[in-house]
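Participant:
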Amino acid sequence: MNTVSIRSVRQVSPLFLAAAIVVLSFLQARAEVTVRARVVEIEPEARVRIFWTWGGQGLGGTPFGGEWTEVPLDTAKPLMPSTGMTSSDALDALLMPDDKSAGDVLIENGKASDYHWLAKGVWSPELPIGNLYYRTVYARGCAPGDAGKAVAIKHAVFEFEVLQDGESVAKFTEESPSGAVCTVVLPGRMVKDGKVMPGFLEHARGLYELSRWRMEWMESLPWAGKKLPRRYEIISNLSGYGTDHGYGVRTSSLKVMSHEARTMRQMGINGVRHNPRFLMDAELRERCPAIKDLTYFTMSRTGGYPFPGAPRADSTGKRPPLPWGEGVGCPWHPAHSNRVEQARKEVEPKIAEYQGTPFVSSWELTVDEIGSAFDGTAEGKAHQGTCQHCTAKFREYLKDKGLIPRDFDVADWEPIRSTFGYFEKSYEQRMKEEAEGRERDRPKLMVPGEMPGVSEAQTAGLLGVEGAYPAEKANAGMSRDETVVDLSDADVEAGGSAEAAKALA
Ligand SMILES: [Zn+2]
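Here you go:
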């Protein structure tokens, strides 16, 4: 803790002195780890607000985010010192308000918070370290004198400082060579009871150092110089590069990508999914042979199945009322007999896209994670058991395999359907039945004299007199699924019953 000189104290008002004492005692009392950020290089000149995000955007889960340069006006909240300074800085600033610093922070007033636009070299307020590991950090720029005038940042170097009880314990920079976005490790999980644990300092660093460390480790393994696969297609993702902060962008550094490419190559990978544009950069491929070695194969995505799915509102996920287009979602509906032609049309531009690129071969995914052509129907995969066209195609498929009804212990093809959705009703049928049910249950106007009487049997039933109620009515409210056929062993022996076939028809 630094000392307060008498000279300084004389210059400040009692209010300032009181504030200084509050800040000092607050700083002394806290046991916590915080982190602050600033830009130490920026091009072109701009004031910046500094943000962070974590998760989502291709990494799974819900994305979180925050801002170093947002200062909530509600000071009743348990606050981090909004000065963003260590104890010595804070005292200096309070005791010696400095005209020069006024221009270094442009304050934009919001309803619940002030937003600080920082000049190069000015630290942000501190934020609690939290319990995350990685954070993607990005800056937005404005003109030095005008928060309303956006400035596109072309190059920036961020600096981060981790403070424990207001004292610096770690400090590192991360460059954003082609924009203002980078990713850093701020291992909040390695903080316990407001103190950083031993591993913390080793982990706290930017993606450039992390990716380089990983690459060097992989390339130092005894077998690193041996042959790497070329003919087997081993594909992974290499994404996160971009020059603007946006969906999935984690760094603007091609050096980081180059480190990653070399690490991937050591893992035997020789192709990339969703090929990033920079892989097409001939100069970069020349400079980084590992990147060149990732361009044997690629995999991306076509526009899905070559026939339309059942309609569904994007916002609500609800299905519009029937009727819909003919055979929507059904792969075997005669309306889609042109689907091979349609698929060809969709694939052709993809083939053209890869002409002249370094990729030797390209795989195009119709749908992610295997998927099913039936998923486009209202019944989902159960569609195959409810649809006459799909059932007919299923029987054809079995016939092609040389199977006959006897192989299924039935006399003819009639009861043979895909078991997926065997007892399911079609969406259309379900809607029809629901509408009929609503009509049936609608309260009817009662006319005097038409009030239903209560029969003797019903009275007995209500009183629980055994046997008074006919057995078939005991299950009132439950309807038998007419499509269910219980084949007795004898039926099966006899090759299935005609009755069963009839019930299924
Ligand atoms: Zn179908």
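Following the working numbering, the numbering of the sequence shown begins with 14 at its first residue and continues without gaps.
Each residue gets a CB set at the ideal place from its N, CA and C atoms; glycine is no exception.
1) Measure the C-alpha to C-alpha separation of residue 199 and residue 345 and round it to an integer number of angstroms.
2) Does DSSP classify residue 521 as helix, strand or coil?
3) Can residue 426 be considered in contact with ligand 1, in the sense that its beta carbon sits closer than 6 Å to one or more heavy atoms?
4) Should residue 345 be counted as a contact of ligand 1 given a C-beta to heavy atom distance under 6 Å?
5) Specify the secondary structure class of residue 187 as computed by DSSP and reduced to three states.
6) Can you give me the Cβ contacts of residue 220 inside the same chain, cut-off strictly under 6 Å, excluding the 5 residues immediately before and after it?
7) Could you give the first and the last residue of the continuous alpha helix (DSSP H) run that contains residue 304?
8) How many Å lie between residue 156 and residue 280 at the Cα?
9) Indicate the three-state DSSP secondary structure (helix, strand or coil) for residue 314 in the structure shown.
10) The alpha helix (DSSP H) spanning residue 52 covers which residue range?
11) How many Å lie between residue 367 and residue 361 at the Cα?
12) Could you give the distance in angstroms between the alpha-carbon of residue 413 and the alpha-carbon of residue 425?
13) Indicate, with yes or no, if ligand 1 has a heavy atom lying under 6 Å from the CB of residue 400.
14) For residue 154 and residue 252, what's the separation of their Cα atoms in angstroms?
15) In angstroms with no decimal places, state the Cα-to-Cα distance between residue 385 and residue 453.
16) State whether the region 376-385 contacts the region 309-321, with contact taken as three or more CB pairs (one from each stretch) at a distance under 8 Å.
17) Taking only runs of the beta strand (DSSP E) that begin and end inside the region 231-274, which ones reach a length of at least 3 residues, in chain order?
18) Using only alpha-carbon positions, find the residue among 441, 50, 46 that is nearest to residue 203.
19) Would you grab the beta carbon distance between residue 164 and residue 57 for me? Rounded to a whole angstrom, and I think it's under 8 Å.
20) Assign residue 370 to one of two classes, buried (16 or more other C-beta atoms within 10 Å of its C-beta) or exposed (fewer than that).
21) Can you find at least 3 beta carbon pairs, one from the region 284-303 and one from the region 350-365, that sit closer than 8 Å?
22) Below 6 Å, is the gap between the Cβ of residue 403 and the nearest heavy atom of ligand 1?
23) Find the nearest neighbour of residue 407 within the set 428, 390, 388, 419, judged by alpha-carbon distance.
24) According to the Cβ coordinates, are residue 399 and residue 342 closer than 7 Å?
25) In whole angstroms, what is the alpha-carbon distance linking residue 54 and residue 222?
26) Leaving out five residues before and five after residue 177 in sequence, what residues of the same chain have Cβ atoms less than 7 Å from its Cβ?
27) Mind reading off the beta-carbon distance from residue 60 to residue 125? Whole number of angstroms is fine, and I expect it under 8 Å.
28) For residue 1, which three-state DSSP category applies?
29) Quick check on this structure: which residue in 327, 271, 51 has the alpha carbon closest to the alpha carbon of residue 302?
30) Whole-angstrom Cβ separation of residue 81 and residue 140, contact assumed at under 8 Å?
31) When the Cα atoms are used, what is the spatial distance from residue 214 to residue 175?
32) Alpha carbon to alpha carbon, how far is residue 282 from residue 504? Give it in angstroms, no decimals.
33) Any idea if residue 417 is buried or exposed, counting beta-carbon neighbours within 10 angstroms, 16 or more meaning buried?
34) Locate the alpha helix (DSSP H) running through residue 545, then write down its first and last residues.
35) Secondary structure at residue 177, three-state DSSP: helix, strand or coil?
36) Note down, one range per segment and in chain order, each alpha helix (DSSP H) of at least 4 residues found wholly within the region 365-444.
Facilitator: Let me spell this out:
1) 54 Å
2) Within the shown structure, residues of the chain are numbered from 14 to 518, placing residue 521 beyond reach of any answer.
3) no
4) yes
5) strand
6) 196, 264, 269
7) 302-305
8) 45 Å
9) strand
10) It is not in any alpha helix (DSSP H) - residue 52 instead sits in the beta strand (DSSP E) that spans 46-56.
11) 10 Å
12) 16 Å
13) yes
14) 25 Å
15) 37 Å
16) yes
17) 248-250
18) 46
19) 6 Å
20) exposed
21) no
22) yes
23) 428
24) no
25) 18 Å
26) 46, 208, 209
27) Incorrect: roughly 21 Å between the Cβ atoms, too far for contact.
28) Since the first residue of the chain shown is 14 and the last is 518, residue 1 is not available in this structure.
29) 271
30) 6 Å
31) 10 Å
32) Low confidence applies to residue 504: its pLDDT is 44, below 50, so where it sits in the model is not reliable, and the reading given next is rough at best. Answer to the nearest angstrom: the Cα atoms are 57 Å apart.
33) exposed
34) A query on residue 545 cannot be resolved here, the shown segment of the chain reaching from 14 to 518 and no further.
35) strand
36) 396-399, 401-413
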